[in-house]
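Residue numbers (our numbering): 49 to 341.
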């Protein structure tokens, strides 16, 4: 906040769609189980059939390090429940939901399997992972890569000074733990920005700065020495200037627009607000004050 009226819903909906579809995550893409040739098989001593086991494997969540793909293993020779915590991994990969149920062994049954975990986005059907060089008995799995479980957004009114028709956007994001919600939002905004860059086919031109008129130097010097608080800016703009160490109007007008936009939390709305107020005093950004002192 603040956002221009209507942009709360516009940005909220766009970010939600990107969060749900385009954030990278890790998932099992194939499995090879000892004694099993295809997904319609059964395994002696294992309660679930292979189809159910594959469905359970889809729900295992991982945090993968630098590698784009990793092989992990399951070797269980005892009766009882097999969970994601039984998966054998190394330091480059982490199981995020170790309590997740995979299968149940009874009697003298055993379960040995190797699985390939890859990084990806969204939903990828098993047929896209087909590899003619795969070992016989390898079963490809529909992969759900997205680390985002759920996204809500709430738009409410925000106030800036006396103006009350701005939007405030609140995003609620649930993840599988492999990425922080705030990082996921940042990634989605970056993806959205990259896609929108396609539509920008011009470069912004800096406004030409008019020279200071000689007769006005005395009055202008008085204005330049005044505190930026005298400009009666919005709270957001005033805080940005304070944090940037800009205390006087003179210090402010010597900054270029590009320099101001690099200031933390200082956006185009604040830039436009300050430009309008400075213009009332005959001032603008990027002024050379050497001739006025």
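Where is the CB? At the ideal position from N, CA and C, for every residue including glycine.
Is the CB-CB distance between residue i and residue j below 8 Å?
i, j, result
"residue 240", "residue 62", "yes"
"residue 238", "residue 56", "no"
"residue 199", "residue 67", "yes"
"residue 95", "residue 124", "no"
"residue 331", "residue 302", "no"
"residue 185", "residue 120", "no"
Hey, quick one: how far does the beta strand (DSSP E) through residue i stretch, first residue to last?
i, result
"residue 80", "72–81"
"residue 274", "Per DSSP, residue 274 belongs to no beta strand (DSSP E) and is neither H nor E."
"residue 117", "117–124"
Apply the 10 Å Cβ neighbour rule to residue i and answer buried if 16 or more other Cβ atoms are within range, or exposed otherwise.
i, result
"residue 93", "exposed"
"residue 223", "buried"
"residue 297", "buried"
"residue 197", "exposed"
"residue 328", "exposed"
"residue 106", "exposed"
"residue 247", "exposed"
"residue 40", "Residue 40 is absent from the structure shown; the chain starts at 49 and stops at 341."
"residue 202", "exposed"
"residue 242", "exposed"
"residue 234", "exposed"
Within a Cβ cutoff of 6 Å, which residues of the same chain sit near residue i, ignoring the five residues on either side of it in sequence?
i, result
"residue 292", "311"
"residue 31", "Nothing can be reported for residue 31: it is not among the residues displayed for the chain, which extend from 49 to 341."
"residue 289", "276"
"residue 187", "79, 87"
"residue 132", "108, 143, 145, 146, 148"
"residue 101", "151"
Could you spell out where the alpha helix (DSSP H) holding residue i opens and where it closes?
i, result
"residue 175", "From DSSP, residue 175 is part of no alpha helix (DSSP H); its letter is neither H nor E."
"residue 99", "98–106"
"residue 235", "229–244"
"residue 189", "Per DSSP, residue 189 belongs to no alpha helix (DSSP H) and is neither H nor E."
"residue 286", "283–291"
"residue 319", "316–328"
Relative to the alpha-carbon of residue i, which residue among the options has its alpha-carbon at the smallest distance?
i, options, result
"residue 175", "181, 277, 190", "190"
"residue 208", "58, 149, 235, 280", "280"
"residue 141", "302, 165, 101", "165"
"residue 282", "210, 245, 52", "210"
"residue 151", "125, 104, 173", "104"
"residue 170", "156, 159, 195, 153", "195"
"residue 114", "129, 221, 167, 185", "167"
"residue 177", "76, 157, 273", "76"
"residue 153", "134, 243, 138", "134"
"residue 230", "185, 64, 54", "64"
Excluding five sequence neighbours on each side, which residues of the same chain lie with their C-beta closer than 7 Å to the C-beta of residue i?
i, result
"residue 319", "305, 308, 309"
"residue 261", "At residue 261 the pLDDT is 47, less than 50, meaning the model places this residue with poor confidence and gives no usable figure here."
Considering only heavy atoms of the ligand GDP, does any lie closer than 7 Å to the CB of residue i?
i, result
"residue 132", "For the structure depicted, the ligand GDP is absent and the ligand set is empty, with no information on it obtainable."
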